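Trainee: Sequential numbering from 122 applies to the sequence shown in my numbering.
Have a look at this one before I ask anything.
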Amino acid sequence: MTWKDILKEDRQKALDEFAKKIERTIEKILNYHVSDESDYNNETRDKLKTVLNSAFNFNRIHVDYIPEDGYYIDISEGEEGGEMEGDYITYKFDRDGRFERIKGHSIL
Numbered sequence: 122m123t124w125k126d127i128l129k130e131d132r133q134k135a136l137d138e139f140a141k142k143i144e145r146t147i148e149k150i151l152n153y154h155v156s157d158e159s160d161y162n163n164e165t166r167d168k169l170k171t172v173l174n175s176a177f178n179f180n181r182i183h184v185d186y187i188p189e190d191g192y193y194i195d196i197s198e199g200e201e202g203g204e205m206e207g208d209y210i211t212y213k214f215d216r217d218g219r220f221e222r223i224k225g226h227s228i229l
C-alpha cells in the first residue's frame with residue numbers, strides 16, 4: 122500500500138463520518154419543505170439550496186431538480202468556476218420521499 126492509498130483511505134473515512142453527522146439534518150430539512158407532489162419544482166429547489174446552505178454555513182451545497190427523479194443534493198469541499206472540486210457527497214431525495222446517499226468520493 123502506498124502513502125497515496127493510505128491518505129485516500131483516511132480521507133474517505135473522514136468523508137463518511139462527516140456525511141453521517143449531517144445526513145439527519147438534511148433529511149429533516151427536505152421533509153419539512155417537501156411535503157407533497159406540488160413541492161417538486163424549481164422554486165422549491167431554490168428554497169432548499171438557500172435553507173441548506175444557511176443551515177450549514179457552507180455555500181457549497183448545490184440542489185438540482187430532475188422532474189422524473191426528484192432532488193439531488195451535492196455537497197463539495199470547494200468549487201471553482203461553478204464546478205465541484207475536492208471531496209464531495211451526493212444525496213437523492215426521490216419523488217416518493219426516500220432519502221439516500223448515492224455518492225461520496227474523496228479526490229486526491
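Glycine residues also receive a C-beta, built at the ideal position from the N, C-alpha and C atoms.
Remember, predicted model here, so these are calculated numbers, not experimental data.
Taking only three categories from DSSP, how would you classify F139?
Mentor: Three-state result, F139: helix.
Trainee: So what's F220 in DSSP terms, helix, strand or just coil?
Mentor: Strand at F220.
Trainee: Among the residues of its own chain, which have a CB less than 6 Å from the CB of D185, if the five just before and after it don't count?
Mentor: Here the set comprises Y193.
Trainee: Is the Cβ-Cβ distance between Y183 and T165 less than 8 Å?
Mentor: It is His, not Tyr, that sits at residue 183 in the sequence shown. Taking 8 Å as the Cβ cut-off, H183 and T165 do not qualify as a contacting pair.
Trainee: Is the distance from the Cβ of G191 to the Cβ of R216 below 8 Å?
Mentor: Yes. Within cutoff.
Trainee: Tell me which residues share the same chain as E148 and place their Cβ nearer than 7 Å to its Cβ, disregarding the 5 neighbours each side in the sequence.
Mentor: F220, listed in sequence order.
Trainee: Out of L136, K168, A140, A135, which one is the CA nearest neighbour of L151?
Mentor: Comparing Cα positions, the closest option is K168.
Trainee: Within a Cβ cutoff of 8 Å, which residues of the same chain sit near Y161, ignoring the five residues on either side of it in sequence?
Mentor: Here the set comprises V155, Y186, P188, G191, Y192, R216.
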